[in-house]
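Enquirer:
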């Protein structure tokens, strides 16, 4: 089952420029089925209940977003994980794109 997060009523702002998503050896990861390179972008998500900083992984071309920009997130998926007694939630999206008229400050 896939868990999608509705971002329509949320403000999503880039807090760190996109970076390659690297493995433990420092090599950029690629998507298993397609071989497309993976990217990590840190964002601040704000809604009526408050805000949270998350990192969103995308695959393909490096997202064309910069710090301070408000972005549109296409199909944000929350992926719960548990490994070696640790657990959390990873976030993945099809794309991150600047919202119209949201120039970085």
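Residue numbers (my numbering): 74 to 178. Quick reminder that beta carbons are idealized off the backbone N, C-alpha and C, glycines included.
For residue 149, count the other beta carbons within 10 Å of its own beta carbon; 16 or more makes it buried, fewer makes it exposed. Which is it?
Expert: Taking the chain shown and counting its residues from 1, the one referred to as residue 149 is at position 76. Using a 10 angstroms sphere on the CB of residue 149, the tally of other CB atoms reaches 16 or more, which defines it as buried.
Enquirer: What first and last residue would you give for the beta strand (DSSP E) that runs through residue 160?
Expert: Walking along the chain shown from the start, residue 160 turns up at place 87. From DSSP, the beta strand (DSSP E) with residue 160 extends over 159-165.
Enquirer: My output table needs one value for residue 100: the three-state DSSP class, helix, strand or coil.
Expert: Within the chain shown, the letter at position 27 stands for residue 100. Coil, per DSSP.
Enquirer: Candidates 133, 154, 132: which alpha carbon is nearest residue 75's?
Expert: Looking up residue 75 in the chain shown gives position 2. Nearest C-alpha to residue 75: 154.
Enquirer: Counting Cβ pairs closer than 8 Å, one from the stretch 164-173 and one from the stretch 135-142, do we hit at least three?
Expert: yes
Enquirer: What number of angstroms, rounded off, separates the C-alpha of residue 163 from the C-alpha of residue 173?
Expert: Translated into the one-based positions of the chain shown, residue 163 becomes position 90. Translated into the one-based positions of the chain shown, residue 173 becomes position 100. If you draw a straight line from the Cα of residue 163 to the Cα of residue 173, it comes to about 27 Å.
Enquirer: Could you tell me the alpha carbon to alpha carbon distance between residue 126 and residue 88, rounded to whole angstroms?
Expert: Translated into positions along the chain shown, residue 126 becomes position 53. Translated into positions along the chain shown, residue 88 becomes position 15. Each residue's alpha carbon lies about 8 Å from the other.
Enquirer: Which same chain residues, not among the five before or five after residue 91, have their C-beta less than 6 Å away from its C-beta?
Expert: One-based indexing of the chain shown puts residue 91 at position 18. Contacts found: 112, 114, 135, 136.
Enquirer: Could you pull the start and end residues of the beta strand (DSSP E) that residue 85 belongs to?
Expert: For the purposes of this step, residue 85 is identified with residue 12 of the chain shown, where counting begins at 1. Start and end: 84-93.
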